[in-house]
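Numbering (this note's numbering), first residue to last: 78 to 349.
Below is one structure, written out as structure tokens; the observations come after it.
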């Protein structure tokens with residue numbers, strides 16, 4: 078029996094998801110019948126060795142790539158058959174993104190970048206949204222940096238601006254793609270603390286793709302993919318437990334080229 082969104086309070090799910098690239102003897106099956114549900118209010122980490130399909134899964138769940146087969150749902154909306162324009166509007170209004178490379182617009186100030194989703198949507202923030210933005214700016218320690226451009230900010234500050242932008246619209250789901258990959262350990266730990274706080278204290282649903290066991294240890298739940306299959310779904314783990322599992326999984330998995338689209342392509346689509 079298939080579960081519904083209302084039964085479990087799911088923010089997103091995929092059902093029997095497949096994704097293939099190429100054809101014939103050159104076909105690569107990046108995802109092979111994957112069933113995944115992201116629960117509302119949880120911080121979920123998605124992990125796996127190179128070529129496991131984790132990036133492909135995130136891109137499809139975010140509406141940045143189309144599946145070969147299966148269903149993709151955001152809340153109670155099936156997005157599988159939506160047009161490009163409908164997907165663009167859905168991402169703009171209901172999904173937030175945090176990328177490894179920050180993806181801030183260099184000509185805009187920090188505040189301009191935070192307000193970018195509203196500008197792209199052709200509207201100003203409502204009073205409720207303005208209050209949320211003010212609270213985010215305060216919580217993220219950005220009050221004194223709002224009129225600085227990205228090149229005037231440290232890497233950690235740029236990522237905090239990106240987090241504020243992702244949360245500003247109150248999205249159903251935030252996707253974080255290796256959010257600490259370009260940061261030093263101290264800044265990375267601060268970003269992870271902020272993401273965990275957004276989930277646990279404010280009920281924000283977050284799905285984070287990462288290869289870092291230390292980053293994944295901040296999540297409430299850790300999903301492991303291998304060769305296009307979901308192979309484990311574990312509650313909160315320590316970094317040591319995650320490392321041990323990953324080492325064992327990689328020892329059993331032959332390396333193959335990651336078939337996921339380049340992050341830069343996904344980033345461009347996310348901010349359209």
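Every residue gets a Cβ at the ideal spot worked out from N, C-alpha and C, and that includes glycine.
Fair warning: this is a prediction, and the values are worked out from it, not measured in the lab.
Report task. Indicate the three-state DSSP secondary structure (helix, strand or coil) for residue 179 in the structure shown. Result -> In this structure, residue 179 counts as coil in the three-state DSSP scheme.
Query raised in the report: Relative to the C-alpha of residue 202, which residue among 173, 218, 245, 186 is closest?
Result: Cα-wise, what sits closest to residue 202 is 245.
**Report entry** Residues of its chain near residue 222, where Cβ-Cβ distance is below 7 angstroms and the 5 sequence neighbours each way are ignored
**Finding:** Non-local C-beta neighbours of residue 222 in its own chain, meaning closer than 7 angstroms and more than five positions away in sequence, comprise 187, 230, 234, ordered along the chain.
Report task. Quick one: using the 10 Å Cβ neighbour count with 16 as the cut-off for buried, is residue 107 buried or exposed? Result -> The residue is buried, with at least 16 neighbouring Cβ atoms inside 10 Å.
Query raised in the report: Should residue 303 and residue 110 be called a contact, given that it needs their Cβ atoms to be closer than 8 angstroms?
Result: With respect to residue 110, residue 303 sits apart: the two C-beta atoms are not nearer than 8 angstroms.
Query - Beta-carbon proximity check, residue 283 vs residue 275, cutoff 8 angstroms - result: Judged by beta-carbon spacing, residue 275 lies within the 8 angstroms limit of residue 283, meaning their Cβ atoms are closer than that value.
Query raised in the report: For residue 220, does the count of other Cβ atoms within 10 angstroms reach 16, so buried, or fall short, so exposed?
Result: Classification of residue 220: exposed, given that the 10 Å Cβ count is below 16.
Query - Other residues of its chain near residue 267: CB distance less than 7 angstroms, five sequence neighbours each side excluded - result: If we look at residue 267 and ignore the five residues flanking it on each side, its Cβ neighbours are 233.
Report task. Take residue 198 and list the residues in its own chain whose beta-carbon comes closer than 6 angstroms to its own, dropping the five residues that flank it on each side. Result -> So the list reads 169, once near-sequence residues are dropped.
Query raised in the report: Is the segment 113-125 touching the segment 296-314, taking contact as three or more C-beta pairs under 8 angstroms?
Result: Judged by pairs of C-beta atoms under 8 angstroms, the segment 113-125 touches the segment 296-314, as three or more such pairs exist.
Query raised in the report: Taking the alpha-carbon positions, what's the residue 159 to residue 285 distance?
Result: In a straight line, the C-alpha of residue 159 is about 24 angstroms away from that of residue 285.
Report task. Using 7 angstroms as the cut-off, classify the Cβ of residue 164 as near or not near the heavy atoms of the ligand SAH, replying yes or no. Result -> This structure lacks the ligand SAH; in fact it carries no ligand of any kind.
**Report entry** Backbone CA spacing between residue 228 and residue 185 [nearest angstrom]
**Finding:** Straight-line Cα distance between these residues: approximately 10 angstroms.
Query raised in the report: Smallest Cα separation from residue 195: which of 157, 150, 212, 243?
Result: Among 157, 150, 212, 243, the Cα nearest to that of residue 195 is on 243.
Query raised in the report: Once you ignore the five residues that flank residue 99 on each side, which residues in its own chain have a CB closer than 6 angstroms to its CB?
Result: Leaving aside the five residues that flank residue 99 on each side, the residues in its chain whose CB is nearer than 6 angstroms to its CB run, in chain order, 105.
Requested in this report: Select from 86, 292, 279 the residue whose C-alpha is nearest the C-alpha of residue 318.
Outcome: With distances taken between Cα atoms, residue 318 lies closest to 292.
Report task. Run through the segment 114-200 for me and flag every whole beta strand (DSSP E) of 3 or more residues, listed as ranges in chain order. Result -> The DSSP assignment places 120-124, 146-151, 172-176 as complete runs of the beta strand (DSSP E) inside the segment 114-200, in order along the chain (cut-off: 3 residues).
**Report entry** C-alpha gap between residue 95 and residue 145, whole angstroms
**Finding:** Taking the straight line from one Cα to the other gives about 5 angstroms.
Report task. Compute the beta-carbon to beta-carbon distance between residue 257 and residue 271, rounded to the nearest angstrom, for a pair I have assumed lies under 8 angstroms. Result -> Contact doesn't hold; Cβ gap of about 11 angstroms is too wide.
Query raised in the report: Exposed or buried, what is residue 132 when buried is set at 16 or more other beta-carbons lying within 10 Å of its beta-carbon?
Result: That one is buried.
Query raised in the report: In angstroms, rounded to a whole number, what distance separates the CA positions of residue 237 and residue 103?
Result: The straight-line gap from Cα to Cα measures roughly 42 angstroms.
Query raised in the report: Relative to the C-alpha of residue 190, which residue among 315, 166, 224, 164 is closest?
Result: It is 224 whose Cα lies nearest to the Cα of residue 190.
Query raised in the report: From residue 87 to residue 182, what distance separates their C-alpha atoms?
Result: Straight-line Cα distance between these residues: approximately 32 angstroms.
Query raised in the report: In the structure shown, what three-state DSSP assignment does residue 89 receive?
Result: Strand, per DSSP.
**Report entry** Which of helix, strand or coil DSSP assigns to residue 228
**Finding:** Helix.
**Report entry** Three-state secondary structure assigned by DSSP to residue 290
**Finding:** Three-state result, residue 290: helix.
Query raised in the report: Run through DSSP, which three-state label would residue 326 get?
Result: Residue 326 falls in the helix class under three-state DSSP.
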